[in-house]
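Heads up: the sequence shown is residues 109 to 223, going by the numbering used here.
Don't be surprised by glycine CBs; every beta carbon is placed ideally from N, CA and C.
Quantities reported herein were computed from a predicted structural model and do not represent experimental measurements.
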Amino acid sequence: MITWLSFVLLSLASFRLTRLIVYDKITGFIRAPFFEVEEKWLSDGTVEETVMFKGNGIRRWIGELLRCHWCTGIWSAIFLFIGFHHFSTIFIPIIIILAIAGVASIIEVMISYFI
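Laid out in structure tokens, this is it:
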């Protein structure tokens, strides 16, 4: 059985790992073999993104998976949950670090919104 604390930590860690894989520049090398994103600044100041997937079949499927935060989120949650249950000595520190980073990113967004 999972405790409420484990659930919260896994949830926050999954959130942060998903954002790390799908959006952060530091993990761009993971996404690069599968798709490219072209950004175009519009006259109203917004950015329009065009995604160009590379290849077909499994390569395109992986690209679509890495572009979708919902898809990557479920796989991140499965990965962390299985790691937590079967390799807890290794995964608990990783989960705690990701959870702390997740809370920090939520706080940053909230502060940026109100400032």
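Own chain, CB closer than 8 angstroms to residue i, minus 5 neighbours either side, in chain order
| i | result |
| --- | --- |
| F192 | S114, L118, F199, I200, I203 |
| E144 | V159, M160, K162 |
Inter-residue Cα distance where the pair is residue i and residue j
| i | j | result |
| --- | --- | --- |
| W183 | K148 | 30 angstroms |
| G136 | V130 | 8 angstroms |
| L125 | I166 | 22 angstroms |
| F161 | A140 | 10 angstroms |
| D132 | A209 | 13 angstroms |
| W178 | V211 | 19 angstroms |
Cβ neighbours of residue i in the same chain (closer than 6 angstroms, five flanking residues each side left out)
| i | result |
| --- | --- |
| L158 | Position check: residue 158 holds Thr in this sequence, whereas Leu was assumed. Closer than 6 angstroms at the Cβ level, and outside the excluded window around T158, lie E146. |
Best match in the options for proximity to residue i [C-alpha to C-alpha]
| i | options | result |
| --- | --- | --- |
| A185 | T111, R175, L120 | L120 |
| T111 | F189, I214, A140 | F189 |
Cutoff 7 angstroms; reference residue i; Cβ partners in own chain excluding five residues on either side
| i | result |
| --- | --- |
| L128 | T135 |
Residues bridged to residue i (per DSSP)
| i | result |
| --- | --- |
| K148 | E156 |
| F143 | F161 |
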